[in-house]
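Below is one structure, written out as structure tokens; comments come after it.
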Amino acid sequence: MDSAIYDELSRPYVRAMVQQLLLGQTLGFSGNPFTTDWADTVQFDSSGGVLIEGGKIRAVGNGAALQTAHPDAVVTDYGDALISAGFVDAHMHYPQTAMIASWGKQLIDWLNTYTFPEEARFGDPAYAADIAGRTLDLALAHGTTTLTSFCTIHPTSVDAFFGAAATRNMAVVAGKTCMDRNAPKNLRDTAQSAYDESKALLEKWHGRGRTSYAITPRFSPTSTPAQLDALGALWAENPDCLMQTHLSEQLPEIAWVKDLFPDVRDYLDTYERFGLLGERGLYGHAIHLEDREIARLTEVGAAVVHCPTSNTFIGSGLFDLMGLAQAGVRTGLATDTGGGSSFSMLRTMAAAYEIGQLRGTALHPAQLMWLATEGSARALHMGGQIGHLGADAMADITVLDLASTPAITQRSTRARDIWDALFPTIMMGDDRAVKDVWVAGNRVSPA
Ligand code: GUN
Ligand code: ZN
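Counting in the numbering used here, the sequence shown runs without a single skipped number right up to 501 at its last residue.
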């Protein structure tokens, strides 16, 4: 990371006066391409421009017209590259960065074998700071400008993540992961300490700069009813916070939940009865849902988060993206690092496309790009602020090179329109396709 960027961040009065104009192909959205014909939601300009001032997008329009109207703006001309809102990863685990791509296990064994031993290391603030910084830099290098992360049970892991995000001026959501059973002793808190520590962290970080706190019970197998109840109470006391957890990821997990909570109607009910179902709830995975669960998620306006590389990597199943999104369930997209096998939201879109195909639906590139930006932002209740290439949004922007490798280039020469040009990058692209990234109006060159 270029230290000059941080010098610039510490002089906001200078930044506010300078207008930046990015020229290139621009892609944004005016609506939800799952509930409206995608063609009616797309705002594409092959000679577009994005005017930035004071960390925000001031205007998106024709590049030449914006240049004429703002002759003093500092111009960055990206040629044929595609200027998009930065990607928004709606569910990941920064403490799992160093153990991504660990071989051979499904969910419960994967947690016990790889995840918990690694998470135990985050009691060390120096280690937590190292991995937090590494994760955020990897995210930026992949064009992801917002992460929604689980931390570990250690409050220091939350401080490390929010501190590293603040240094980079990134909008992030995170929370202390709470577990008081079915986890190693050194990774367990209690109902009371989970409540107390989450409350203290929330009061310290929520709404400070660009950080938002999410109350974070890991999943119902690792929380006692008393802990779920305590965290439900904390959410009721702080209703503007998000709440993130996992739901119905693998069949053995669901059977385990039903053993642990014999009275519940379904998995979602383990949250619902403790006050952990709500509009600002984020439910990761949500693959094997029952009809009642879908109805309740829709009714309350809660969000499900699709984690497709994780779902294939850990062997979880095929999420019904089209069915849920068209039913009006708020839906985000996420890497689920390190259960997911990539930091790249391009690879994540590719996996979502492939899972869609296995379920009999071909997702349009517009739908995939919307999910990775606007959809995830709406899941986080930050629609219009992040993940949006339009006036008044924060200038968190990713510029994609649509000819980043020889394989993609030779395919893109055949492209008939922007979708045909973009789709090979969605299917075959990675961090090499990320030409540039802007965070709050400041340029962050990929490593
Ligand atoms: N369920 C509970 N914890 C986790 C986790 O860390 N990753 C995934 N993929 N699923 C989980
Ligand atoms: Zn997860």
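Note that beta-carbon positions come from the ideal geometry of N, C-alpha and C, so glycine has one too.
Keep in mind the model is a prediction, meaning the values are calculated, not measured.
Use the C-beta contact count for residue i: other C-beta atoms within 10 angstroms, 16 or more gives buried, fewer gives exposed.
i: Gly495; result: buried
i: Thr90; result: exposed
i: Val502; result: As displayed, the chain neither begins before 55 nor continues past 501, which places residue 502 out of reach and without an answer.
i: Trp157; result: exposed
i: Pro293; result: exposed
i: Ala209; result: Reading off the sequence, residue 209 comes out as Pro, not Ala. Pro209 is buried by the Cβ-count criterion.
i: Ala70; result: For Ala70, the pLDDT reaches just 48, beneath the cut-off of 50, and the residue's location in the model is therefore unreliable, leaving the point undetermined.
i: Gln74; result: buried
i: Gly414; result: exposed
i: Glu307; result: buried
i: Ala449; result: buried
i: Pro211; result: In the sequence under discussion, the amino acid at residue 211 is Ser, which differs from the Pro named in the question. It is buried - the Cβ of Ser211 has at least 16 other Cβ atoms within 10 Å.
i: Thr199; result: buried
i: Gly133; result: exposed
i: Asp313; result: exposed
i: Ala416; result: exposed
i: Asp362; result: Inspection of the sequence shows that residue 362 is occupied by Pro rather than by Asp. Counting Cβ neighbours within 10 Å, Pro362 comes out buried, since at least 16 surround it.
i: Asp143; result: buried
i: Pro271; result: buried
i: Asn86; result: buried
i: Pro460; result: exposed
i: Ala186; result: buried
i: Asp474; result: exposed
i: Glu101; result: Reading off the sequence shown, one finds Ser at residue 101, where the question assumed Glu. Exposed, by the Cβ-count rule.
i: Arg350; result: buried
i: Asp374; result: buried
i: Asp446; result: exposed
i: Arg470; result: exposed
i: Arg222; result: buried
Would residue i and residue j be called neighbours here (beta carbons separated by less than 8 Å)?
i: Ala81; j: Ser138; result: The residue asked about is misnamed: residue 81 is Leu in this sequence, not Ala. Result yes, Cβ atoms of Leu81 and Ser138 sit closer than 8 Å.
i: Met224; j: Val493; result: yes
i: Met399; j: Thr389; result: yes
i: Val358; j: Ala381; result: no
i: Tyr325; j: Phe215; result: no
i: Ala237; j: Phe170; result: yes
i: Thr391; j: Ile154; result: yes
i: Thr189; j: Thr151; result: yes
i: Val354; j: Leu331; result: yes
i: His360; j: Leu387; result: yes
i: Ile472; j: Gln79; result: yes
i: Glu333; j: Ala356; result: yes
i: Asn518; j: Ala174; result: Beyond the ends of the chain as shown, which are 55 and 501, falls residue 518; an answer cannot be given.
i: Leu301; j: Gly329; result: no
If we ignore side chains and look at the alpha-carbon of each, how far apart do residue i and residue j end up?
i: Phe141; j: Ala135; result: 16 Å
i: Gln411; j: Pro478; result: 16 Å
i: Val129; j: Val227; result: 32 Å
i: Ser277; j: Asp178; result: 24 Å
i: Ile368; j: Gln121; result: 49 Å
i: Ser48; j: Gln298; result: The chain is shown from 55 up to 501; residue 48 falls before or after that span and cannot be answered.
i: Arg264; j: Ala220; result: 7 Å
i: Arg468; j: Ser203; result: 39 Å
i: Gly441; j: Ser364; result: 22 Å
i: Ser370; j: Met146; result: 16 Å
i: Gln246; j: Leu288; result: 11 Å
i: Leu256; j: Ile348; result: 29 Å
i: Tyr60; j: Gln97; result: Unreliable positioning characterises Tyr60 in this predicted model, as indicated by a pLDDT of 39, which lies under 50. The coordinate reading is nonetheless provided below. Going from the Cα of Tyr60 to the Cα of Gln97 covers about 32 Å.
i: Ala127; j: Val72; result: 7 Å
i: Gly103; j: Ile111; result: 11 Å
i: Gln304; j: Tyr249; result: 28 Å
i: Gly429; j: Asp317; result: 34 Å
i: Lys258; j: Ile269; result: 13 Å
i: Gly438; j: Ser499; result: 24 Å
i: Asp94; j: Ala118; result: 24 Å
i: Val311; j: Asp213; result: 31 Å
i: Arg346; j: Phe88; result: 22 Å
i: Gly393; j: Arg497; result: 30 Å
Please report the Cβ distance between residue i and residue j, rounded to the nearest whole angstrom; I am assuming they are in contact, meaning their Cβ atoms lie under 8 Å.
i: Leu456; j: Leu476; result: 6 Å
i: Glu14; j: Asp320; result: For the chain, the structure presents residues 55 to 501; residue 14 sits outside this window and is missing.
i: His260; j: Cys295; result: 6 Å
i: Val488; j: His124; result: Actually they are not in contact, since the Cβ atoms of Val488 and His124 sit about 26 Å apart, beyond 8 Å.
i: Val114; j: Leu443; result: 6 Å
i: Ile462; j: Gly483; result: 6 Å
i: Ser274; j: Phe315; result: 7 Å
i: Ser458; j: Arg486; result: 4 Å
i: Asp131; j: Leu77; result: 4 Å
Shorter than 7 Å, the distance from the beta carbon of residue i to the closest heavy atom of the ligand ADP, or not?
i: Asp390; result: This structure lacks the ligand ADP; its bound ligands are the ligand GUN and the ligand ZN.
Taking only beta-carbon positions, decide if residue i is within less than 8 Å of chain B.
i: Leu422; result: No chain B is present in this structure, which holds just one protein chain.
| said: Three Cβ pairs or more, each shorter than 8 Å: is that satisfied between the stretch 398-406 and the stretch 157-171? | reply: no
| Inter-stretch contact (C-beta, 8 Å, three-pair minimum) for the stretch 408-428 and the stretch 178-190 | No, the stretch 408-428 does not touch the stretch 178-190.
| said: Measuring CB atoms only, is the stretch 230-237 touching the stretch 270-289, in the sense that at least three cross pairs come out at less than 8 Å? | reply: yes
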